[in-house]
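Student:
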Amino acid sequence: MKKGYPWIDRMRMVAAILVVSIHISPLLQLNATADFILTRIVGRLAVPFFFITTSYFLFINGYPSNEKIKKTLIQLSQWYLLSMLIYFPIMIYNHYFQSSDLFIIIKDLLIDGTFYHLWYFPAVMIGIIIVLVLKKYFSIKVSFIVTLFLYFIGLCGDSYYGVIQVPIIKDFINGLFQYMDYTRNGFFFAPLFLMIGVFITEHQSRLTLKGNIVLLVISFLLMSLEAQKIHMLEIVKHDSMYILLPVVSYFLFQLLILHQGERHKNMKDISLYIYIIHPMMIVIVRMIGKTLKLNVIVSHNFIQFICVITLSIGISILINQYLQRGERNETNNV
């Protein structure tokens, strides 16, 4: 049996749950500091992990074939389209199409996502295309420098927005916001993490398990200090991007691939479904709370989080079982 990376599959589930926590802030009423650590520090590792994982398996056997590239982009496009259809009724209910002109709709469709969590799909697709072009025509060193520069631009429009003092740079960053709501997108955020995944496939780490853990802990603690400092200084426009986030993400992923064994494919699929449907579960839980006058579900973030996670995981498992049953029936009919 071909060996896989079970820790990566487990981390997919953890990352999906972290994304849900970011959107609910479950510990806010219990302990604001703990919630900040969970959602603004630990939670920020989730999406970079997904980016690195995508490129790692895309480039694991070298530069991917046209067929593999096409398959990957088509699958991502299909999931994006399905996700848009799922949230289309909510967008209509929120009068999105009445209050948005054609430019905003196109911008959301191609860059920002048509719902607040769907930015991931255009981001990963744009990022993949950028990385593919860089890797095809330039060395890994040059490619890394380019993606680092893009990430630097992203930082200036994100966590370090308030630091910008040079007029020409500030005007450039503000100009970007005419065409995108955030710089944490496929142009400035995704490429570096996707390139890290490529780098890991090409350069085997010489770190021992202990050495990797030590460097992961040190870099995480430093990133935690960075996050706390920039929030104290009130310089953030958004807080998805930190200087040390790529470093922490690198050591985290290196740790995850150290162990090979039988993988947990169900976790891969279920984590994707959780990511896609959890905002819908947030809406449903709040509707149930208001309808049944269970105000605690609406007002208490932790209880709401437990309800949303329970629904999201339960429904995702059911979806996975249904799709697997369909695949088995198709196989038996062949």
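In my numbering, the protein residues as written are 71 to 404. Yeah, the Cβ is synthetic: ideal placement off N, Cα and C, and Gly gets one too.
#1: Between which residues of its own chain and SER275 is the CB-CB distance below 6 angstroms, once the five residues before and five after are set aside?
#2: If we define contact as Cβ-Cβ less than 8 angstroms, is ASN136 a contact residue for chain D?
#3: Have a look at ILE340, ILE379, ILE327 and flag the residue whose alpha-carbon is nearest the alpha-carbon of MET351.
#4: With a threshold of 6 angstroms on Cβ separation, who are the neighbours of LEU225 within its own chain once the five nearest residues in sequence on each side are excluded?
#5: Can you tell me the Cα-Cα spacing of MET71 and LYS177, whole angstroms?
#6: Can you list, in chain order, the residues of its chain whose CB lies under 8 angstroms from that of VAL90, leaving out five sequence neighbours each side?
#7: Between PHE269 and ASN131, what straight-line distance do the alpha-carbon atoms span, to the nearest angstrom?
#8: To the nearest whole angstrom, what separates the beta carbons of GLN330 and LYS73, a pair I think is in contact under 8 angstroms?
#9: Would you mind sorting ARG114 into buried or exposed? The rule is 16 or more other CB atoms within 10 Å of its CB.
#10: In angstroms with no decimal places, state the Cα-to-Cα distance between ILE94 and MET302.
#11: In the DSSP output, what is GLY74 paired with across the bridge?
#12: Would you say the region 255 to 262 touches the region 217 to 224, given that touching needs at least three Cβ pairs under 8 angstroms?
#13: Let me know the secondary structure DSSP gives ILE313 once reduced to three states.
#14: Does the region 334 to 342 come close enough to the region 383 to 397 that 3 or more CB-CB pairs lie under 8 angstroms?
#15: Quick one: using the 10 Å Cβ neighbour count with 16 as the cut-off for buried, is TYR320 buried or exposed?
#16: Keeping to the same chain, check which residues put their C-beta closer than 8 angstroms to that of THR289; ignore five residues upstream and five downstream.
#17: Give the single residue among GLY256, ASN371, LEU328 whose Cα lies nearest to the Cα of PRO118.
#18: Shortest alpha-carbon distance to ASN390 belongs to which of HIS334, VAL366, LEU364, ILE210?
#19: In whole angstroms, what separates the C-alpha of PHE242 from that of VAL236?
#20: Hey, would you say ALA85 sits closer than 8 angstroms to PHE120, going by beta carbons?
#21: When the Cα atoms are used, what is the spatial distance from TYR166 to GLY281?
#22: With a threshold of 6 angstroms on Cβ separation, who are the neighbours of SER153 within its own chain once the five nearest residues in sequence on each side are excluded?
#23: Taking only three categories from DSSP, how would you classify LYS256?
#24: Between LEU246 and THR217, what straight-line distance do the alpha-carbon atoms span, to the nearest angstrom?
#25: Could you spell out where the alpha helix (DSSP H) holding MET302 opens and where it closes?
#26: Tell me whether the beta-carbon of LEU326 lies closer than 8 angstroms to the beta-carbon of ILE78.
#27: If you follow the alpha helix (DSSP H) that ASP105 is part of, which residue opens it and which one closes it?
Tutor: In brief:
#1: GLN324
#2: Absent here is chain D; the protein component of the structure consists of one chain.
#3: Looking at the Cα atoms, ILE379 is the closest of the given residues.
#4: Excluding residues within five positions, the ones whose Cβ falls inside 6 angstroms are MET311.
#5: Reliability fails at MET71, whose pLDDT of 45 lies under 50, so the model's placement of it is uncertain and no value is given.
#6: If we look at VAL90 and ignore the five residues flanking it on each side, its Cβ neighbours are ILE344, HIS348, PHE375, VAL378, ILE379, SER382.
#7: 12 angstroms
#8: Their Cβ separation, rounded to whole angstroms, is 4 angstroms, which keeps GLN330 and LYS73 in contact under 8 angstroms.
#9: buried
#10: 22 angstroms
#11: GLY331
#12: yes
#13: coil
#14: yes
#15: buried
#16: It is Ser, not Thr, that sits at residue 289 in the sequence shown. Around SER289: LEU314, VAL317, VAL318, PHE321.
#17: GLY256
#18: The closest CA to that of ASN390, considering only HIS334, VAL366, LEU364, ILE210, is found on HIS334.
#19: Straight-line Cα distance between these residues: approximately 10 angstroms.
#20: Yes, these two residues count as a Cβ contact at 8 angstroms.
#21: Each residue's Cα considered, the two are about 50 angstroms apart.
#22: LEU188, ILE346
#23: One point to set straight first is that residue 256 is Gly, not Lys, in the sequence displayed. For GLY256, the three-state secondary structure derived from DSSP is coil.
#24: 17 angstroms
#25: 279 to 302
#26: yes
#27: Unbroken alpha helix (DSSP H) run through ASP105: 102 to 106.
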